[in-house]
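A.B. asks:
Residue numbers (the numbering used here): 853 to 1322.
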């Protein structure tokens, strides 16, 4: 009923313009009921010295049919480049995707191999931090990039370049022989007011420079400068107050209910902006963490044993102790198509990796059992290695006498252990001891699968069984 549109005014009449524009986007506001995010965001990027689209608010009628209120957004066209760069003939690339991907070329005469982008990617992949920064600075306007990142994070443009490798343009300015990143698709801003000042950077160039302390300090300084200037709370609140009444009146002329809904959306955005700026102030001042915090570790669970003394184990978490590996849950990787915990050794160094679950058990003897499959598991070439290489089930602090090596189809593996908790439990409950259950790959190469449905803990009689059985 209200489609988003891209309009090319000169499609059929070459010299035709609309208020000087040859091409623009009409955003329907579906993802931004306040209609304000793009206008506020792009204004802030421009104030920070980053070229960004201009916007306007329009009522659209098509063949006499009222479609409603839209945000008109200037396209990254030749006119846009000419207005923002001395030389508009350079290569303009369009996300989504990483700069190592085959990005679309919007303008310029980019070679098919995208050699300029490949050079920037190679610089970002330089292992030595000092050399990396020096190489990148020859190819990228780092001052502009610091401002670009600063506004992405201040506005929490979660679907932009830094955090998603999405919604951006990158232009190689021939006059400066450097790249400049440009914002795009900024209609979902300020949605996480407490987002960290230094979020996990998912994009190659952002991650490459933010890993360097000198640039990270440069970036933090730029954030602080903007928060005292164009991103200050009174400034942004004033911009919201300036635009909102105009939008409300246009919506009221279409349907009074739209205007009422808009009031709520604007109030929500204003509160998110205020909370965001307070959070950033706290983070810069050290009153709140500025980097993502690991989730709080859950307390160990107490397994629920059925009438047979068998309990399913939940809460498995991956853990890398040495070397490199891939650890994932394969939905159909288990026996008979069930899910499986998967570990694959990678790299040249010996790998120690595991899936672990913490449990609380009473006094007694227990068996951890499950179905395992291994492929290409090679021992570490160290005759003095202790404990031995291989794949197994065990508990932390104890190892079985034998482990699986080489190739093996699905087979049951069991590990028996004893719990002897000390002291008494709460309110006369039996004392409990924490045990960490382990599904482990310890090898120079290879991979292992642990069938999720088969992993159980069984309580047995104290005198039963041996320590380990296959």
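Cβ atoms here follow ideal geometry from the backbone N, Cα and C, with glycine treated the same way.
Could you tell me the distance, in whole angstroms, from the CA atom of residue 1002 to the CA atom of residue 1127?
C.D. replies: Roughly 17 angstroms separates the two Cα atoms.
A.B. asks: Using the three-state DSSP reduction, which class does residue 871 fall into: helix, strand or coil?
C.D. replies: Looking at residue 871 - three-state DSSP - the assignment turns out to be coil, as it is neither helix nor strand.
A.B. asks: Can you tell which of 1204, 1162, 1283 and 1059 has the C-alpha that lies nearest to the C-alpha of residue 1305?
C.D. replies: Nearest C-alpha to residue 1305: 1162.
A.B. asks: For residue 1073, count the other beta carbons within 10 Å of its own beta carbon; 16 or more makes it buried, fewer makes it exposed. Which is it?
C.D. replies: By the neighbour-count rule (16 or more Cβ atoms within 10 Å), residue 1073 is not buried but exposed.
A.B. asks: Locate the alpha helix (DSSP H) running through residue 1125, then write down its first and last residues.
C.D. replies: First-last of the alpha helix (DSSP H) with residue 1125: 1108-1136.
A.B. asks: Less than 8 angstroms between the CB atoms is what I'm expecting for residue 1299 and residue 1196, so what's the real figure, rounded?
C.D. replies: Contact holds; Cβ gap of about 4 angstroms.
A.B. asks: Take residue 1315 and list the residues in its own chain whose beta-carbon comes closer than 7 angstroms to its own, dropping the five residues that flank it on each side.
C.D. replies: Annotation note: pLDDT 34 at residue 1315 (below 50); position unreliable, coordinate value reported separately. There are no such residues.
A.B. asks: Ignore the nearest five residues each way along the sequence and tell me which others in residue 1103's own chain have a CB closer than 7 angstroms to its CB.
C.D. replies: So the qualifying residues of the chain are 921, 1110, 1111 and 1114.
A.B. asks: Let me make sure I understand the geometry here. Which of 1049, 1264, 1026 and 1247 has the alpha-carbon closest to that of residue 1075?
C.D. replies: Comparing Cα-Cα distances from residue 1075 to each of 1049, 1264, 1026 and 1247, the minimum goes to 1049.
A.B. asks: Using the Cα positions of residue 1037 and residue 1019, report the straight-line distance between them to the nearest angstrom.
C.D. replies: Their Cα atoms are separated by approximately 5 angstroms.
A.B. asks: Among 1178, 1099 and 1012, which has the Cα closest to the Cα of residue 1297?
C.D. replies: Taking only the C-alpha atoms, the option nearest residue 1297 is 1178.
A.B. asks: Tell me whether the beta-carbon of residue 1228 lies closer than 9 angstroms to the beta-carbon of residue 1259.
C.D. replies: Contact flag set, yes.
A.B. asks: Could you give the DSSP three-state label for residue 1244: helix, strand or coil?
C.D. replies: Here residue 1244 sits in strand by DSSP.
A.B. asks: Please determine, among 923, 1143, 865 and 1293, the residue with the shortest C-alpha to C-alpha distance to residue 855.
C.D. replies: The option with the nearest alpha carbon to residue 855 is 923.
A.B. asks: For a quick check, are the C-beta atoms of residue 859 and residue 882 less than 9 angstroms apart?
C.D. replies: It is not a contact, given that the beta carbons lie outside the stated cut-off.
A.B. asks: Determine the direct distance from the alpha carbon of residue 1138 to that of residue 1055, and round the result to whole angstroms.
C.D. replies: Answer to the nearest angstrom: the Cα atoms are 26 angstroms apart.
A.B. asks: Using only the alpha-carbon positions, how far apart do residue 867 and residue 993 sit?
C.D. replies: Those two C-alpha atoms are separated by around 34 angstroms.
A.B. asks: What first and last residue would you give for the alpha helix (DSSP H) that runs through residue 950?
C.D. replies: That residue, residue 950, is in no alpha helix (DSSP H); it is neither H nor E in DSSP.
A.B. asks: Just how far apart, CA to CA, sit residue 934 and residue 944?
C.D. replies: Their Cα atoms are separated by approximately 12 angstroms.
A.B. asks: Run through the segment 879-937 for me and flag every whole beta strand (DSSP E) of 3 or more residues, listed as ranges in chain order.
C.D. replies: The qualifying runs are 907-914 and 917-926.
A.B. asks: So, at 8 angstroms on beta carbons, what are the nonlocal neighbours of residue 1261 in its own chain, with the 5 sequence-adjacent residues on each side left out?
C.D. replies: Once the five neighbours on either side are set aside, the close Cβ partners of residue 1261 are 1225.
A.B. asks: Once the 5 residues before and after residue 971 are set aside, which same chain residues still bring their CB inside 8 angstroms of it?
C.D. replies: Answer for residue 971: 991, listed in chain order.
A.B. asks: Determine contact between the segment 1153-1160 and the segment 1210-1218, defined as no fewer than three beta-carbon pairs at a distance below 8 angstroms.
C.D. replies: In short, these stretches touch, since the Cβ pair count reaches three.
A.B. asks: Closest to residue 1148 by CA distance: which of 1134, 1088, 1130 and 1169 is it?
C.D. replies: With distances taken between Cα atoms, residue 1148 lies closest to 1169.
A.B. asks: Whole-angstrom Cβ separation of residue 1092 and residue 1289, contact assumed at under 8 angstroms?
C.D. replies: Not really, about 53 angstroms apart at Cβ, beyond 8 angstroms.
A.B. asks: Tell me whether residue 891 is buried or exposed, calling it buried when 16 or more other Cβ atoms sit within 10 Å of its Cβ.
C.D. replies: Buried.
A.B. asks: Alpha carbon to alpha carbon, how far is residue 953 from residue 1308? Give it in angstroms, no decimals.
C.D. replies: In a straight line, the C-alpha of residue 1308 is about 44 angstroms away from that of residue 953.
A.B. asks: Looking at C-beta atoms only, is the number of pairs between the segment 1171-1185 and the segment 1240-1258 that lie closer than 8 angstroms three or more?
C.D. replies: Segments in contact, no.
A.B. asks: Considering Cα atoms alone, identify which of 1252, 1141, 899 and 1079 is closest to residue 996.
C.D. replies: Closest option to residue 996, Cα to Cα, is 899.
A.B. asks: Can you grab the Cα-Cα spacing for the pair residue 885 / residue 1200, in whole Å?
C.D. replies: Going from the Cα of residue 885 to the Cα of residue 1200 covers about 52 angstroms.
A.B. asks: Are the Cβ atoms of residue 902 and residue 1032 separated by less than 9 angstroms?
C.D. replies: Yes; because the gap between Cβ atoms is below 9 angstroms, this pair is in contact.
A.B. asks: Suppose you measure from the CA of residue 1057 to the CA of residue 1273; what does that come to, to the nearest Å?
C.D. replies: When rounded, the distance between both Cα atoms is 52 angstroms.
A.B. asks: Please confirm whether residue 987 and residue 967 have their CB atoms less than 9 angstroms apart.
C.D. replies: Their beta carbons are not under 9 angstroms apart, which means residue 987 does not touch residue 967 by this criterion.
A.B. asks: Quick one: residues in its chain with C-beta nearer than 6 angstroms to the C-beta of residue 1329, no 5 flanking neighbours on either side, listed in chain order?
C.D. replies: Absent from the model: residue 1329. The displayed extent of the chain is 853 to 1322, so no value can be given.
A.B. asks: What does a CB cutoff of less than 6 angstroms around residue 906 pick up in its chain, not counting 5 residues either side in sequence?
C.D. replies: Cβ within range, chain order: 926.
A.B. asks: Let me know the secondary structure DSSP gives residue 821 once reduced to three states.
C.D. replies: Residue 821 is absent from the structure shown; the chain starts at 853 and stops at 1322.
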